[in-house]
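Student:
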Amino acid sequence: MCGDDGRDVEEWDFGTWHQPTMGVELFTDDGACFSAVWGSSFDHYGLEVFPEPMTAHLRMIGEPGGSAEVDVTDHPRWSSLVGQKLTCVDIAWSQAPEGSIRVPDAIRLCSREKAVWIAAGSPAEWPPTGGYHLGTDDVMVVFTVELAARVGLAADG
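Take 19 as the starting number for the sequence shown in my numbering and just add one per residue.
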């Protein structure tokens, strides 16, 4: 969050990708809740998925200086996944040098019509100019196969 009082939501919607920064909270039709957040459990920044709400991992949600809570259920980029059965969920692992620990860069959620990547990543420059880094302490959501390839995520996971 930003602004004089720390309550304004920072820019997060960049068309073919979103930058929720800290993570994404996902719900299933049966009420289960999952959080996809960046973390360092694997010795370097990667994406971590937990079967619990974001409040288990973040403090000060919605408070000045904390993380904003943004409902994207009706957002056009998300709405094609809402209520759809997932046909595939994959992990995209980092391309670590030999002897290094591979970390999960992203998860790919697929329905029959759509694939979405939730990744530990960010733009290489600000404002974004088209270059990206994976394995950062940020979360980005990628909505197109073309951008996933540019970011460094394989189309098949």
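Each residue gets a CB set at the ideal place from its N, CA and C atoms; glycine is no exception.
Nothing here was measured: the structure is a model prediction, and the numbers come from that model.
#1: Evaluate contact between the stretch 39-46 and the stretch 163-174, counting only Cβ atoms and requiring at least three cross-stretch pairs below 8 Å.
#2: Does the stretch 125-133 touch the stretch 103-110, meaning 3 or more C-beta pairs lie closer than 8 Å?
#3: To the nearest angstrom, how far is it from the Cα of H36 to the Cα of G153?
#4: Pick from D22, W30, R130 and A114: whose alpha carbon is nearest that of H93?
#5: Closest by CA to V157, which one among R25, S53, D22 and D23?
#6: Excluding the 5 residues flanking W56 on each side, which residues of the same chain have their C-beta closer than 6 Å to its C-beta?
#7: Nearest to V163 by CA position, among P146, E131 and H75, is which residue?
#8: Helix, strand or coil for P94, going by three-state DSSP, please let me know.
#9: Taking C-alpha atoms, which residue in S59, P82, G49 and S85 lies nearest to E70?
#10: Taking the beta carbon of S85 as the centre, do at least 16 other beta carbons fall within 10 Å, making it buried, or is it exposed?
#11: Are the CB atoms of V100 and W135 within a distance shorter than 8 Å?
#12: Can you give the Cα-Cα distance for I119 and E66, rounded to whole angstroms?
#13: Between the beta-carbon of G41 and the beta-carbon of H75, is there less than 8 Å?
#14: Can you give the Cα-Cα distance for A167 and M78, rounded to whole angstroms?
#15: Run the CB neighbour count on P82, radius 10 Å, all protein chains shown included, and call it buried at 16 or more, exposed below.
#16: If you follow the beta strand (DSSP E) that A138 is in, where does it begin and where does it stop?
Tutor: Taking the coordinates as given:
#1: The answer is no - the stretch 163-174 does not touch the stretch 39-46, with fewer than three Cβ pairs under 8 Å.
#2: Contact holds: three or more Cβ-Cβ distances are below 8 Å.
#3: Sequence index remark: in the sequence shown, residue 36 carries index 18 (1-based). Sequence index remark: in the sequence shown, residue 153 carries index 135 (1-based). Spanning the two alpha carbons is a distance of roughly 16 Å.
#4: Reading the sequence shown from its first residue, position 75 is the one you call residue 93. Checked all of D22, W30, R130 and A114; the closest Cα to H93 is W30.
#5: As a first step, residue 157 must be located in the sequence shown, where it is residue number 139. Looking at the Cα atoms, S53 is the closest of the given residues.
#6: For this step, residue 56 is matched to residue 38 along the sequence shown. The answer, listed in chain order, is Y63, A138, D155 and V157.
#7: Looking up residue 163 in the sequence shown gives position 145. For V163, the closest alpha carbon among the candidates P146, E131 and H75 is that of E131.
#8: For the purposes of this step, residue 94 is taken as residue 76 along the sequence shown, with counting starting at 1. In the three-state DSSP reduction, P94 falls in the helix class (H, G or I).
#9: Within the sequence shown, the letter at position 52 stands for residue 70. That would be G49, whose Cα lies nearest to the Cα of E70.
#10: For the purposes of this step, residue 85 is identified with residue 67 of the sequence shown, where counting begins at 1. S85 is buried by the Cβ-count criterion.
#11: By 1-based counting over the sequence shown, the position of residue 135 is 117. By 1-based counting over the sequence shown, the position of residue 100 is 82. Taking a C-beta distance under 8 Å as the contact criterion, W135 and V100 do not qualify as a contact pair.
#12: By one-based count along the sequence shown, residue 119 stands at place 101. By one-based count along the sequence shown, residue 66 stands at place 48. Near 15 Å, if we compare the C-alpha coordinates of E66 and I119.
#13: Looking up residue 41 in the sequence shown gives position 23. Looking up residue 75 in the sequence shown gives position 57. Yes, these two residues count as a Cβ contact at 8 Å.
#14: Working through the sequence shown from its first residue, we reach residue 167 at position 149. Working through the sequence shown from its first residue, we reach residue 78 at position 60. Taking the Cα positions, A167 is about 34 Å away from M78.
#15: What you label residue 82 is simply residue 64 of the sequence shown in a count that begins at 1. Around the beta-carbon of P82, fewer than 16 other beta-carbon atoms lie within 10 Å, marking it exposed.
#16: Counted from its first residue, the sequence shown places residue 138 at position 120. Its beta strand (DSSP E) spans residues A133 to P141.
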